[in-house]
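According to our numbering, the sequence shown is numbered sequentially starting from 1.
Glycine is no exception: its CB is placed at the ideal position from the N, C-alpha and C atoms.
Okay, so here's the structure we're looking at.
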Amino acid sequence: MSTFEKIANVVIVVIGLTIAGLAAYVYYSIDSANDANQVVLSATDIKQMAMLDPIIHVVNEESSGSGVLVFRDGPDEKGRYWYLAITNAHVVDNREILKDIDVDGLRGTVEYVMEDPGCSVTVFRHEATEWEIYDATILIESEDYDLAVVSFFTEDLIENIARIASAEQMMDVRIFDEVFAVGCQLGKKPLPTKGLVSAFYLQEDILMFSHTAQISPGSSGGGLFKEYEGEYYLIGMPSSVACVGFQFVAHYAYSISATVIHEFLEENSMTFITKLNQDLVETNEN
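Here it is as structure tokens:
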């Protein structure tokens, strides 16, 4: 091999190594940029998205309280999403109003009809300063369970849906477990409080537990959450608080067990909510 050929081979090798190095640098730069663009959620972000954002404010003609978003479907052919939320029946039960529909001037009589105006729901996002209000209907309600399902449609995509604890997860709830109660206390935006599970009760055959996570008027229908392996699940629904005379004992709160929520949905042929709930939550995360 001549000297010229040797020099040419060396040049070819150097050029090849240079091109390979540039390619590796470009790939590394793009990969680093992609990593930089990925949003890393803090522990606080995860809690807010899992427990604050699924809580809604439910308002009707006579009362108000909280609710928990547990289901989303769509969009349909009109571009609308269907949302379902669970709340307490006592939050929505006083909503029927009398409406006169015909006045007979000669006989001096008025014909009345009972009208169900439904309710409105306010949807919150922890990073937002303005919130959306939607008209909603009550699909089912039960005074025995003190539970109800609220339905509404919107073209807006509401991403954060609460996880409902499974029957197996509910078996792991123990006294001294740390829990978070989240609700629209006093009609305000969702407020979280932290406490411990303190006791289990059967109230008229309804499984409940008391906890020291404080609640107040407006908390009813909200969520009681517990952490399982870094994720937060709905294990109960705050529904009442102990009273001494006319004074609330905020740290002596009662929640309906999620086990009862499962029974309520099953009795009303709405088990699709719990069956699709976990799939929906996992889809949102991806």
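- Taking the Cα of I140 as reference, the smallest distance to any Cα among K47, R163, I133, H90 is reached at H90.
- By the neighbour-count criterion, in which a residue is buried when 16 or more other Cβ atoms sit within 10 angstroms of its Cβ, Q48 is buried.
- In the DSSP assignment, M237 falls within the unbroken beta strand (DSSP E) covering 231-244.
- Spanning the alpha carbons of S216 and D177 requires a straight line of approximately 21 Å.
- One alpha carbon belongs to Y232, the other to T109, and they sit about 57 Å apart.
- Under the 8 Å Cβ criterion, the region 114-123 does not count as touching the region 236-248, having fewer than three qualifying pairs.
- In the structure shown, the three-state DSSP call for E168 is helix.
- Scanning its chain for C-beta atoms nearer than 6 Å, with the 5 sequence neighbours on each side dropped, one finds around I206 the residues V260, in chain order.
- The Cβ-Cβ distance between I55 and V182 falls below 7 Å.
- If you draw a straight line from the Cα of Y252 to the Cα of L186, it comes to about 17 Å.
- Sixteen is the threshold: when 16 or more other Cβ atoms of the shown chains lie within 10 Å of the Cβ of K226, as they do, the residue is buried.
- Straight-line measurement puts the Cα of Y201 at about 15 Å from the Cα of M171.
- Contact check for V197 against F209 passes: the beta carbons are separated by less than 7 Å.
- Between K194 and the set A213, K188, E204, the nearest pair of CA atoms involves A213.
- In this structure, the beta-carbon distance from G223 to C184 does not fall below 7 Å.
- Residue pairing for Y254: DSSP places it in a beta bridge opposite S210, S240.
- Counting along the chain, K47 sits inside the alpha helix (DSSP H) bounded by residues 43-47.
- Around the C-beta of C119, 16 or more other C-beta atoms lie within 10 Å, and the residue is accordingly described as buried.
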